[in-house]
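A short write-up of the structure that comes next.
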Amino acid sequence: MTAILHGNIIHAPSFGSLETIPSGYLILEDGVLQAVAPTLPERYAACPVTDYGDALIMPSFADLHLHAPQYPMLGMGMDLPLLEWLDTYTFRTEARFEDEAYARRVYRQLARDLITSGTTRVSAFSSRHTDATLILMEELESAGVTGYVGKVNMDRNSGPSQEETAESLSETLRWLENCHFPLVKPILTPRFTPSCTDGLMKELGKLAADRDLPVQSHLSENTGEIAWVKELHPDCAQYWESYRKYGLWKDRTLMAHCVHSDQREQEAMAASGVWAVHCAASNVNLCSGTAPVRELIERGVRVALGSDIAGGDQLAMNKVTVMSIRASKLQQMETGKPFLTVPEAYYLASTAGHLYFGGGAGFQPGYKLHAIVVDDSTLPEPTRPLTLAERFERSIYLMEKRHIKAVYSEGVSRI
Ligand code: GUN
Ligand code: FE
Numbered sequence: 346m347t348a349i350l351h352g353n354i355i356h357a358p359s360f361g362s363l364e365t366i367p368s369g370y371l372i373l374e375d376g377v378l379q380a381v382a383p384t385l386p387e388r389y390a391a392c393p394v395t396d397y398g399d400a401l402i403m404p405s406f407a408d409l410h411l412h413a414p415q416y417p418m419l420g421m422g423m424d425l426p427l428l429e430w431l432d433t434y435t436f437r438t439e440a441r442f443e444d445e446a447y448a449r450r451v452y453r454q455l456a457r458d459l460i461t462s463g464t465t466r467v468s469a470f471s472s473r474h475t476d477a478t479l480i481l482m483e484e485l486e487s488a489g490v491t492g493y494v495g496k497v498n499m500d501r502n503s504g505p506s507q508e509e510t511a512e513s514l515s516e517t518l519r520w521l522e523n524c525h526f527p528l529v530k531p532i533l534t535p536r537f538t539p540s541c542t543d544g545l546m547k548e549l550g551k552l553a554a555d556r557d558l559p560v561q562s563h564l565s566e567n568t569g570e571i572a573w574v575k576e577l578h579p580d581c582a583q584y585w586e587s588y589r590k591y592g593l594w595k596d597r598t599l600m601a602h603c604v605h606s607d608q609r610e611q612e613a614m615a616a617s618g619v620w621a622v623h624c625a626a627s628n629v630n631l632c633s634g635t636a637p638v639r640e641l642i643e644r645g646v647r648v649a650l651g652s653d654i655a656g657g658d659q660l661a662m663n664k665v666t667v668m669s670i671r672a673s674k675l676q677q678m679e680t681g682k683p684f685l686t687v688p689e690a691y692y693l694a695s696t697a698g699h700l701y702f703g704g705g706a707g708f709q710p711g712y713k714l715h716a717i718v719v720d721d722s723t724l725p726e727p728t729r730p731l732t733l734a735e736r737f738e739r740s741i742y743l744m745e746k747r748h749i750k751a752v753y754s755e756g757v758s759r760i
């Protein structure tokens, strides 16, 4: 079936670029983008057009690191550093997801809030609970949020919800057996080195290799955490080696934070195809630091953005994009490394994440459409007509859910 969308088209197909097509057309066949056209080609003249008028049509967002069971504690416990925050608030909150009815309610709201905020792809941590994890996958799938979800593995230093090693592994297998969702797939999720025994890490590494599963975890977020990993793994010169030792450091592994990753750690990421997920809001909230994003990119590390709910307090990825820009400006003041421009940060929040999941670069023909439609007409009236690039910048800074008039995920209109 042919579908045609009309509006002001904006996308960032490469890092730093921004292309604008005023009053253009997106031509879709069964949800797959065929062409981006400045005028409607003659052969489509008879096809109905979904006309978004003067609104902006741009690629949707991808959130490559969030903790779904921390949604209930959003905006709480923000006065503590990472390890105390985990012990005081986080592990206790996640323990509640033993209760499936509670999980259903929270995850239904989260899935709805993600899609209405324009996030169509995620890589999410669940809790350690297999059944709640399946509920999360189901709720994301039915809301139209695609990507990866991981049942968390943690068999030490993890509060009241900690699991035994054998249980952690058998529950992981039970979870994998029950993952039958077309658009939401499993990702192995050892929480972080301090929460996983060597035995657990070893078995997860084997599972990742045997079943060719992707992996996500945390890396070099906080100095206390790094010192702890050094104590637990005295044979590892650096944090990342505790993952490599067990086969968890591989192509497409997602590592959240990387705030304190030095040149050697960054080069190890680039060499192995490990991705850094930059979580700027969380890094500031928990006083972890400002991550060396420009350096990571210059060294060839693939970078995408994450909300890191609930270390991060903003689910909307345009707000996370703005926070990434602000954090990069603080970095510039400290180190002289140039800050992220709006098109660069937007690339990291959209295109980079879509590419991680095998999607297109911006509005690239041949891929299912992931897009949002933004009506900026109710933002403060400007003094003069704005260019599309100016309207784009203002929308990234100011848009709220109410400005997002439509969301397309995997080629299907979801709101
Ligand atoms: N490291 C281990 N667990 C967590 C978590 O839940 N949030 C953050 N920000 N870092 C972590
Ligand atoms: Fe996290």
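Numbering (my numbering), first residue to last: 346 to 760. Even for Gly, the Cβ is constructed at its ideal location relative to N, Cα and C.
query: According to DSSP, is phenylalanine 702 part of a helix, a strand, or is it coil?; result: coil
query: Which same chain residues, not among the five before or five after tyrosine 452, have their C-beta less than 7 Å away from its C-beta?; result: Ala413, Ile480, Leu481, Glu484
query: On the DSSP bridge list, what partners appear for tryptophan 620?; result: Leu599
query: Taking 7 Å as the line, does the beta carbon of serine 587 fall inside it for any heavy atom of ligand 1?; result: no
query: Kindly indicate the opening and closing residues of the alpha helix (DSSP H) around proline 414.; result: No alpha helix (DSSP H) holds proline 414; DSSP gives it neither H nor E.
query: So what does DSSP say about alanine 380, is it helix, strand or coil?; result: strand
query: Measuring alpha carbon to alpha carbon, tell me which residue in Thr732, Ser754, Val757, Ala469 is nearest alanine 400.; result: Thr732
query: Measuring alpha carbon to alpha carbon, tell me which residue in Tyr692, Glu576, Cys624, Phe708 is nearest histidine 410.; result: Cys624
query: Please determine whether the Cβ atom of leucine 411 lies at a distance below 7 Å from any heavy atom of ligand 1.; result: no
query: When you compare only the Cα positions, how much space is there between alanine 761 and isoleucine 354?; result: The chain is shown from 346 up to 760; residue 761 falls before or after that span and cannot be answered.
query: Looking at aspartate 720 and arginine 739, is the spacing between their C-beta atoms short of 8 Å?; result: no
query: With a 10 Å radius around its C-beta and 16 neighbouring C-beta atoms as the bar for buried, classify methionine 421 as buried or exposed.; result: exposed
query: Confirm, please, whether the CB-CB distance from threonine 464 to valine 490 is below 8 Å.; result: yes
query: Would you say alanine 407 and glycine 698 are within 8 Å of each other, going by their C-beta atoms?; result: yes
query: Under the three-state reduction of DSSP, which class applies to aspartate 396: helix, strand or coil?; result: strand
query: Excluding the 5 residues flanking valine 394 on each side, which residues of the same chain have their C-beta closer than 7 Å to its C-beta?; result: Ile349, His351
query: Near leucine 593, what residues of its chain come up, given a Cβ to Cβ distance below 8 Å and the 5 sequence neighbours on each side ignored?; result: Leu533, Pro535, Met546, Leu549, Gly550, Ala553, Val560, Ser562
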